[in-house]
Each structure stands twice: as structure tokens, then as C-alpha cells.
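J.: Residue numbers (UniProt numbering): 1 to 382.
One structure follows; several queries about it will come next.
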């Protein structure tokens, strides 16, 4: 849901500092709100830990959400948090130039870079199944990007609707290419974050909820401070979307929020949904498996795509269907979810008829050997 709230905020208009009505496009400010949502995970962790600690029954060391090492240096999470901050900010900029469903699908490119970086820096060896998954993902990404370019552009923008839910996205071909490339480029940084976490954090047994919270704290603090110099850095108007044509104008963001309370609702929805998303994701991973989380994430991608089509935020193109299927198949192959089991079952089904036919042939031959050759005997004696 956080992507819906973010996109909803982007589509709403409000009067800014210069008394001109414009879209709420503040990617770095919105990235800050995302880290604020992650920061709430730390508060939830502290609350849960205090709740179980008060019981004095040792449950604070047994509960799956809070158990783990608490004597670690939080700054070990600083570098992954910086990667998360960069990747999130770049992706949010890219989202302003392309479609929400494409944003979600193109995030699947992280598998390609995680696989490559794992070989280079972690000494992992990818098996044939994982290489096949990467190839499928690459082809799927290509088809999704191609479908974005081929989708008919709609130049009509219905800003009269209060919620702007049914207003079509306005994107030129160059905007879409730039947005897609920014999102894919951000996956390089996201993959770096995952490799860093696996190399330096995975062995520390840090409670996941606490790890997400600390990364949220580092990201929120750092990006919040960076908003100050961003206020003075001038960029082309296509990259800014604010009245001063600067990299980020947080003051105008607050002014627009004050002039349109629905933007406040969208921002609060982003913060709350991010907190619940991370909490639910960690719970699924701990209670079930990471592969189950991947499957649910794929379902989320499908939901966002259908939602975008239903609200007419984008047009349907059959290439995106094929690209989505290839992406899901590639991710499933890479994570060893369902696909290999299905292939083995299919091979077993193909073998059974032939095996049954062979057994039948052997049975017929053995039965034939037991039948007396009356014709041959009579001819001899005759």
C-alpha cells in the first residue's frame, strides 16, 4: 500500500510558496517519510521488548520478534542504511517519470546484481538454476521496459477530480526511459546493501525488527540533514517540480501539505504502511521462509499492476504480461520456489507412461514364452 500512497501524493496538486498550483513532487522528502516508517519499527521493537521483559519469565529472550543479540554496535548498520537511502531516493525520482507497476516490476532487477555481487565479494558460486533465473529476469526486464515505451501516451490530465485517482499518467517516451533506467540503476545500490548486510550483519544475530529500525534512524537523520543543502542546489525543472527549481524544497512540501489536507493523509498512509510492510515482511520471513515472502511480493506486484489498470493510471500492453511472467519465473528459479519441483513432477509424469509401456511389453513377452508352440510341434510331427 505504501506505493499507492506515494503515487497518490504525486498525483495530487496544491498551491505552493509562489501561489501556483502544482503537483506534489518531492522525492527526497517522501523518502524521508519512508525512513520515518522504518524508524517506527525500532519503537515497536523497544515496546515489545519492554512488554516481554516486564513479565520476568524469560520471554524477552524467546519471542521470535525480539530475541537475538542486543550487544552490538549499531553503526555496523550505517553503511547498509546509506545504500538504502541512496537506492530509495533514486527510485522515488524514477517513479516520477514512469508507471507504478513498472516501478514494482523493475525492482526485480536486484536479483541480477545480487547474484553478480555475491560471486565477486562473497565467493558464492551460482548453479545453473540461478543463472537461468537471472536470464529470465533480464528478458522480463527488457519486455517490461519495451512495453512502457510502446504504451500509447495519454496527454489528457483530469485535475478536476479531488483525489486524482482516475487521472492518467503524463509521461513522454524520454521520461519513461529515464525513469526505468533510474529504477534499474537504483537496484545496483540495493544489491550492494543486501551483500553488505549478508557479509557484516547476518552473523551478528540482530533482531530483524531492530535492524530495520536502526537503518530507518540512520536514513531519516542523514537524509533529513541533506535536505538543507538540497534546498540550495538548482537543477533542471524536469527534475525538481518545485517553484524554485532546486533538488528538493522541503519548505514548499509543508506548504502544499497545509493547502491540501489529502496530501497529509497520503504521507501518513506512507509512514504507517511502510512500518506495517516491514513488520509483516519480517514476521513472514521468521514464521515461514524468505521464499514465501518473495512469492507474496510477486502477488503484490500483480496487485499493483491490476490496480493501475483499473484506475486507468496506464494502458494495457500484452508485452507487459509476458515480461511479468518471465520476471516471476526468473525470481522463482533463482530462489528455488516451485519451479524445480514442478519440473521434476512433469518429468516423472512423462516417465510413467513409458515405464508402464515397457512393463507391459515385458509382460507380453514373458506370457508368450509360457504358451506352448502348438503350431510348430504339429508341423514337426506331421
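Idealized CB from N, CA, C, for every residue including glycine.
Computed from a predicted model, the values in this text were never measured in an experiment.
Does the beta-carbon distance from residue 145 to residue 329 come in below 9 Å?
T.: no
J.: Let me make sure I understand the geometry here. Which of 276, 323, 300, 322 has the alpha-carbon closest to that of residue 37?
T.: When only C-alpha atoms are compared, the closest one is 276.
J.: Check each candidate in 21, 35, 300, 302 and name the one with the smallest Cα separation from residue 258.
T.: 21
J.: By Cβ distance below 8 Å, which residues in the same chain neighbour residue 205 in space, the five residues on each side in sequence not counted?
T.: Closer than 8 Å at Cβ, skipping near neighbours: 68, 69.
J.: Closer than 8 Å by C-beta to residue 182: which residues in its own chain qualify, once you throw out the five before and the five after it? Chain order, please.
T.: Cβ neighbours of residue 182 beyond the five flanking positions: 90, 91, 93, 94, 97.
J.: Could you round the C-beta distance between residue 187 and residue 136 to whole angstroms and report it? I think they count as a contact, below 8 Å.
T.: Contact check for residue 187 and residue 136: beta-carbon distance about 16 Å, past the 8 Å limit, so the pair fails to qualify.
J.: With contact counted as at least three CB pairs below 8 Å, one residue from each stretch, are the region 206-221 and the region 53-60 in contact?
T.: No, the region 206-221 does not touch the region 53-60.
J.: Nearest to residue 333 by alpha carbon, out of 241, 127, 174?
T.: Out of 241, 127, 174, 127 has the C-alpha closest to the C-alpha of residue 333.
J.: Buried or exposed for residue 102, going by 16 or more other Cβ atoms inside 10 Å?
T.: buried
J.: What whole-angstrom Cβ distance do residue 191 and residue 110 have, given they're in contact under 8 Å?
T.: 5 Å
J.: What are the start and end residues of each continuous beta strand (DSSP E) run of 3 or more residues lying completely inside the UniProt domain "EamA" (23-144), in chain order?
T.: none
J.: Based on the DSSP output, what are the partners of residue 14 in its beta bridges?
T.: 22
J.: By the 10 Å Cβ neighbour count, where 16 or more other Cβ atoms means buried, how is residue 119 classified, buried or exposed?
T.: Within a 10 Å sphere around the beta-carbon of residue 119 sit fewer than 16 other beta-carbons, which makes this residue exposed.
J.: Which class does residue 6 belong to by DSSP, given the choice of helix, strand or coil?
T.: helix
J.: Output needed for residue 122: all residues of its chain with C-beta closer than 8 Å, excluding positions within five of it in sequence on either side, in chain order.
T.: 195, 198, 199
J.: By DSSP, does residue 299 sit in helix, in strand, or in coil?
T.: helix
J.: Pick helix, strand or coil for residue 246, following the three-state DSSP scheme.
T.: strand
J.: For the alpha helix (DSSP H) that residue 174 lies in, which residues bound it at each end?
T.: 173-196
J.: With distances taken between CB atoms, is the gap from residue 235 to residue 245 smaller than 9 Å?
T.: Contact annotation: residue 235 and residue 245 have beta-carbon atoms nearer than 9 Å.
J.: Of all the options 320, 309, 64, 239, which has the alpha carbon lying nearest to the alpha carbon of residue 279?
T.: Put simply, of 320, 309, 64, 239 the residue whose alpha carbon is nearest the alpha carbon of residue 279 is 64.
J.: Please classify residue 184: is it buried, with 16 or more other beta-carbons within 10 angstroms of its beta-carbon, or exposed?
T.: By the 10 Å Cβ count, residue 184 comes out buried.
J.: Mind checking whether residue 148 and residue 320 have CB atoms under 9 Å apart?
T.: yes
J.: Does the Cβ of residue 122 lie closer than 8 Å to at least one heavy atom of the ligand ZN?
T.: Absence of the ligand ZN from the depicted structure is noted, as is the absence of any ligand whatsoever, leaving it without description.
J.: Kindly list the residues whose CB is nearer than 8 Å to the CB of residue 201, restricted to its own chain and excluding five residues on each side of it in sequence; keep chain order.
T.: 76, 77, 80, 211
J.: Which one of 25, 350, 18, 19 has the shortest CA to CA distance from residue 263?
T.: 25
J.: Which value, in whole angstroms, describes the spacing of the CA atoms of residue 251 and residue 115?
T.: 41 Å
J.: How big is the Cα-Cα spacing for residue 228 and residue 8?
T.: Inter-residue distance for residue 228 and residue 8 is about 26 Å (C-alpha atoms, whole angstroms).
J.: Going by alpha carbons, who is nearest to residue 142 out of 107, 31, 349?
T.: Comparing alpha carbon positions, the residue from 107, 31, 349 closest to residue 142 is 107.
J.: Take the Cβ of residue 233 as the centre, count every other Cβ of all protein chains shown within 10 Å, and call the residue buried at 16 or more, exposed below.
T.: exposed
J.: Based on the DSSP output, what are the partners of residue 234 in its beta bridges?
T.: The bridge partners DSSP lists for residue 234 are 246.
J.: Please classify residue 308: is it buried, with 16 or more other beta-carbons within 10 angstroms of its beta-carbon, or exposed?
T.: When all chains shown are included, residue 308 counts as buried.
J.: Decide if residue 316 is buried, meaning its Cβ has at least 16 other Cβ atoms within 10 Å, or exposed.
T.: exposed
J.: By Cβ distance below 8 Å, which residues in the same chain neighbour residue 44 in space, the five residues on each side in sequence not counted?
T.: Excluding the 5 residues flanking it on each side, residue 44 has same chain C-beta neighbours closer than 8 Å at 209, 213, 275, 279, in chain order.
J.: How many angstroms separate the CA atom of residue 72 from the CA atom of residue 82?
T.: 19 Å
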